[in-house]
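Going line by line, the protein sequences match chains A and B. When we follow the working numbering, the leftmost residue of the first sequence carries the number 10, and every step to the right adds one. When we follow the working numbering, the leftmost residue of the second sequence carries the number 2, and every step to the right adds one. The beta-carbon is built from N, C-alpha and C at its ideal position, and this holds for glycine as well. Below is one structure, written out as structure tokens, with a few remarks after it.
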Amino acid sequence: MSVRVFVPCDAAALAVGADVVARAIETQIASRRLDAQVIRNGSRGMFWLEPLVEAETPEGRIAYGPVAPEAVESLFAADFLKGGAHRLRLGRTEEIPYLKNQERLTFARCGIVDPLSIDDYIAQDGYRGLERALAMPPADIVEEVAKSGLRGRGGAGFPTGIKWRTVLNTAADQKYVVCNADEGDSGTYADRMIMEGDPFVLIEGMTIAGIATGATMGYVYIRSEYPHAFRTMRRAVETARERGYLGPDVKGSGRAFDVDVRLGAGAYICGEETSLLESLEGKRGQIRPKPPLPAIEGLFGKPTVVNNVISLATVPVILDKGAQFYADFGLGKSRGTLTIQLAGNVKYGGLVEKAFGLTLRQAIYDYGGGTASGRPLRAVQVGGPLGAYFPESLLDTPLDYEAFAKLQGLVGHGGIVVFDDTVDLAKQARFAMEFCAIESCGKCTPCRIGSTRGVEVIDRIVANQDRKRNLEVLDDLCELMLEGSLCALGGLTPYPVLSAIKYFPEDFSKPAPPPGQTAPGWEARQERRA
Amino acid sequence: MSSAAVWDPEKASSRIKALEKLPGALLPILHALQEEFGYIDKAAIPMIAKALNISQADVHGTISFYHDFRHEPPGRHVLKMCRAEACQSMGCEKVIQHVEQKLGIRLGQTTADGSFTVDQIFCLGLCAMSPAVMLDGKPYGRVTPEVADSLIDSQRRRA
């Protein structure tokens, strides 16, 4: 039988040359006349090992990595197709401690299957959740999701089951399921990995959401920065349609559900659900005041389930294995697993899916191995550009929604960006305001104007102009934005700013740079918009 | 990128026609036009407005809202450089400054010879491979000034 060799097609693997490696392996297979084929899988999420090549042997899949194109010939010389010894050999993939010490529920198949093979998906327990859902009354499906304790993984942590119940109980001639795949937070890539590595799980989750709430049409809104995810999702949707898993009669159930995949256009604000809906309708991505909730008046004014990729991709396992199975993971009000994404200045960056309860320190040191630069860690930003900067002394905070909320921080989408001691927190605070100014939709004044004033005030503080008074102005401004903004962009931008001032005050009291000279990286960039 | 065609109202009209019936058709149409021509020509605005039965102001307002849509053709190669937090933590500003100096332009500009456009971007989802860039739609991770040099030079040689 033909030996299968796996080379990831995940964008992060491509970014370090996976395509070149795959071609080199194919060339060697051809010139050596071997009975082997290259399969392009998703990533296992151990990015320091990419490109991670796996050979399928009778003992299981044996991993080699990171494989440079130049190393390919020596891998064949070492008979790696049979798991031969080589300096890049990592042993059985599933025994690699980073992976072994995880609880992969949502990511159970990611990196294992060929993302575009629906047969692979079905062979690995795919579509069992939908099968069960199709035999249940809609209200029971909703209750199953509610009982699992699943909360929105996009950032806000709102209970998914309650959202679905509202849509189910709102009568309408048309309802929608919208998947928010506008994963704009720096430090996050879990949505991208699922869409590139296991797209059918997302399609299945959306289909279950449709069956449960009476929605017959679904949209996946993917940010344009993810062209690979967009292409994979489009092809997977076509395959699901061809095989009767989408369309007017889902698997002979008499129930209709179809999906269209749409592309965003580089606006961070479109990750906010009401902006996203406006954008899907073909308008400027300006936010809508709530109420009405999208569950009652959403896309084109119809009741709409808006869920994040990871929330929807987790639904199939809940329906397959039952609410209790999922709820048994986690602690307190944070049930199930969190997909932690280690990013930035971290030695072993990657995806860690683990039951809620891990502390920041465990994530960063036990998995991440500390900083990539080897310098001391100074700050950590969790939850994207709107998340607080935490100092080393707060690393024992458990990664759950309530513990972070207590510290004016966010778990958000689970991204952790690590900074070493070269970071300047005044600069990071300025960037938070600058980013808000660039990405503000302009609907409300605190966000639109406040962010620009924020940049100016921080510049004055750094330049030591009336520093004490300007710090008071900044504090006032942050309070105004927190309380007065319409959505999370303006409303949470103060988190990184205030936490930077609170935990790293020394960065705001340095001597001013000499006149006419700015510190490196300080020159204003906000005018230079794309 | 280098394959983008010159503005052609007939081609534009057929791309618009193919998509105009979609619910929420405006973004798909704008993406299709930009894919075809590399930018959205002003002449497309009344055509889209008519096809979708919306005002020209609505079309213009939507185009100008989104960072992606261009008002003029980009260079033959488009380099998008991430400057979000994860890439900052790995020194993206240094790489950006290096590229700006090398090409003699700043972020958001196109070189005088029309070979390169360099844009800022906020997150490519390659945050464990920082600093990250995308050149003509292809992702690159762990980009140092030297890697950026070789990316740019190899495109120049090809051109």
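Assigned secondary structure, PRO303(A) (DSSP; H/G/I helix, E/B strand, else coil): coil
Exposure of ILE171(A), with buried meaning 16 or more beta-carbon neighbours within 10 Å: exposed
Interface flag, TYR376(A) vs chain C, CB-CB below 9 Å: No chain C appears in the structure shown, which is made up of the protein chains A and B.
Alpha-carbon spacing of PRO300(A) relative to THR222(A), whole angstroms: 20 Å
Three-state secondary structure (DSSP) of ASP120(B): strand
Run of the beta strand (DSSP E) containing ARG53(A), from where it starts to where it stops: It is not in any beta strand (DSSP E) - ARG53(A) carries neither H nor E in the DSSP assignment.
Contiguous alpha helix (DSSP H) assignments of at least 4 residues, all confined to the region 67 to 96 of chain A: 81 to 86
Inter-stretch contact (C-beta, 8 Å, three-pair minimum) for the region 112 to 120 of chain B and the region 44 to 64 of chain B: no
In DSSP terms, what SER508(A) is bridged to: Answer by DSSP bridge pairing: none, since SER508(A) is not bridged.
Nearest neighbour of PHE70(B), chosen from PHE38(B), VAL148(B), PRO10(B) [CA to CA]: PHE38(B)
ILE220(A) and PRO147(A) closer than 9 Å at C-beta: yes
CB contact check: ALA149(B) to chain A, cutoff 9 Å: no
Chain B residues whose Cβ lies nearer than 8 Å to that of GLN350(A): CYS128, ALA129
Rounded distance between the beta-carbons of GLY164(A) and GLY353(A), thought under 8 Å: Not quite, the Cβ-Cβ distance comes to about 18 Å (not below 8 Å), so this is no contact.
Interface partners of ARG293(A) on chain B, CB under 7 Å: GLY62, THR63, PHE66
Residue from VAL96(B), CYS124(B), GLU101(B) with nearest C-alpha to GLU147(B): VAL96(B)
Reference GLU86(B); option with closest CA among ALA446(A), PRO520(A), VAL432(A): VAL432(A)
Whether SER195(A) touches CYS88(B) by CB criterion (9 Å): yes
Proximal residues, the region 206 to 238 of chain A versus chain B, C-beta separation under 9 Å: MET226, TYR228, ARG232, SER233, GLU234, TYR235, PRO236, HIS237, ALA238
Reduced DSSP secondary structure (H/G/I, E/B, other) of ASN110(A): coil
Cβ-Cβ separation, VAL81(A) to VAL16(A) (assumed contact under 8 Å), whole Å: About 10 Å separates the two Cβ atoms, so there is no contact after all.
Beta-carbon proximity list for MET202(A), same chain, < 7 Å, skipping 5 on both sides: ASP19, GLY51, SER52, GLY54, CYS119, LEU360
Under 9 Å between C-beta atoms of PRO60(A) and VAL76(A): yes
Residue closest to ARG32(A), alpha-carbon to alpha-carbon, out of PRO78(A), TRP57(A), GLU65(A): PRO78(A)
CB contact check: THR197(A) to chain B, cutoff 9 Å: yes
Beta-bridge partners of ARG271(A), as assigned by DSSP: TYR230(A)
C-beta contact flag for GLY451(A) and LEU489(A) at 9 Å: no
Cross-chain neighbours of PHE70(B) in chain A, by beta carbon under 9 Å: ALA274, GLY275
Beta carbon proximity, ASN189(A) to chain B, threshold 9 Å: no
Buried versus exposed, by CB contacts within 10 Å (16 or more), PRO75(B): buried
Same chain, Cβ closer than 8 Å to ALA149(B), neighbours up to 5 away in sequence not counted: VAL96, HIS99, VAL100, LYS103, VAL134
Cut-off 8 Å between Cβ atoms - residues of its own chain near ALA322(A), not counting five sequence neighbours on either side: THR115, ILE203, ASP207, VAL210, LEU211, GLY214
9 Å Cβ cut-off: residues of chain A touching LEU152(B): Simply none; closest approach about 12 Å.
Own chain, CB closer than 7 Å to TRP531(A), minus 5 neighbours either side, in chain order: Below a pLDDT of 50, predicted positions are generally treated as unreliable, and TRP531(A), at 49, falls in that range; no measurement from the model is reported.
C-alpha distance - LEU434(A) paired with ASP516(A), whole-angstrom precision: 6 Å
Exposure label - MET10(A); buried when at least 16 CB within 10 Å: exposed
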